[in-house]
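What follows is one structure encoded as structure tokens, with my remarks underneath.
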Amino acid sequence: MRRSVHASELGVADASRFTYDASRANGRPSAYENPFRSDALDEQRKQVEANLSADLVRHLQSQGMTLRRIGESMGLSESFISRVAHRKRSLTIEHLLRLQEATGTPLPLLLLEAVTQDSVPEALAPLYQEAREVLAAGAQTRRSTRKRHRKTA
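In my numbering, the protein residues as written are -6 to 146.
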């Protein structure tokens, strides 16, 4: 059941229109969608999220982590991580932040390392490599600083 809802009914100040989908509501505000948002754009976003999530799992596996260990580091089950690896599910920002905390590797570096260099356009390859080096050096400095602080504490 879809019905048009005026923004004022939702407590939104502007006069834009939203669509309410009762079949997806379950009492959650996510049932209200901006009508200007394209379904194609939403599908594209989901595909990018699934690909990036799967690439990150693949990268972590290449570093010797098992699906179980990857899941444990984010508070997720091995089966969920398996579905992520097969592009059936995606990681959320909360999952990624937990992974950053568990691995001690900054999230930007984790994401950059998950992107294979052969998937980067040739013109951007030097920038990609430089960004990786800068982020890796920053991560190493951060780890060294933490170790020194632990020894003095």
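In this text, a Cβ means the ideal position worked out from N, Cα and C, and glycines have one as well.
If you draw a straight line from the C-alpha of Arg62 to the C-alpha of Asp48, how long is it?
As a working note, residue 62 is residue 69 in the sequence shown. As a working note, residue 48 is residue 55 in the sequence shown. Looking at the two C-alpha atoms, the distance is approximately 16 angstroms.
Measuring only the C-alpha atoms, how far is Val108 from Arg76?
Against the sequence shown, residue 108 aligns to sequence position 115. Against the sequence shown, residue 76 aligns to sequence position 83. Roughly 19 angstroms between the two C-alpha positions.
Taking the beta carbon of Leu90 as the centre, do at least 16 other beta carbons fall within 10 Å, making it buried, or is it exposed?
By 1-based counting over the sequence shown, the position of residue 90 is 97. Sixteen is the threshold: since fewer than 16 other Cβ atoms of the shown chains lie within 10 Å of the Cβ of Leu90, the residue is exposed.
Burial state of His79 (16 or more Cβ within 10 Å):
The residue you call residue 79 lines up with position 86 of the sequence shown. Exposed.
Quick check for students: name the residue ranges of the alpha helix (DSSP H) that lie wholly in the region 85 to 136, counting only runs of 4 or more.
86 to 96 and 100 to 107
Less than 8 angstroms between the CB atoms is what I'm expecting for Met67 and Leu92, so what's the real figure, rounded?
Along the sequence shown, read from residue 1 onward, the residue named residue 67 stands at position 74. Along the sequence shown, read from residue 1 onward, the residue named residue 92 stands at position 99. Your pair Met67 and Leu92 checks out as a contact, with CB atoms roughly 5 angstroms apart and the cut at 8 angstroms.
Gly64, enclosing alpha helix (DSSP H) - first and last residue
The residue you call residue 64 lines up with position 71 of the sequence shown. Note, Gly64: alpha helix (DSSP H), Leu60 to Met67.
Identify, in the order they occur along the chain, each residue of the same chain with its Cβ nearer than 6 angstroms to the Cβ of Ala151, setting aside the five sequence neighbours on each side.
Outside the shown range of the chain (-6 to 146) lies residue 151, about which nothing can therefore be said.
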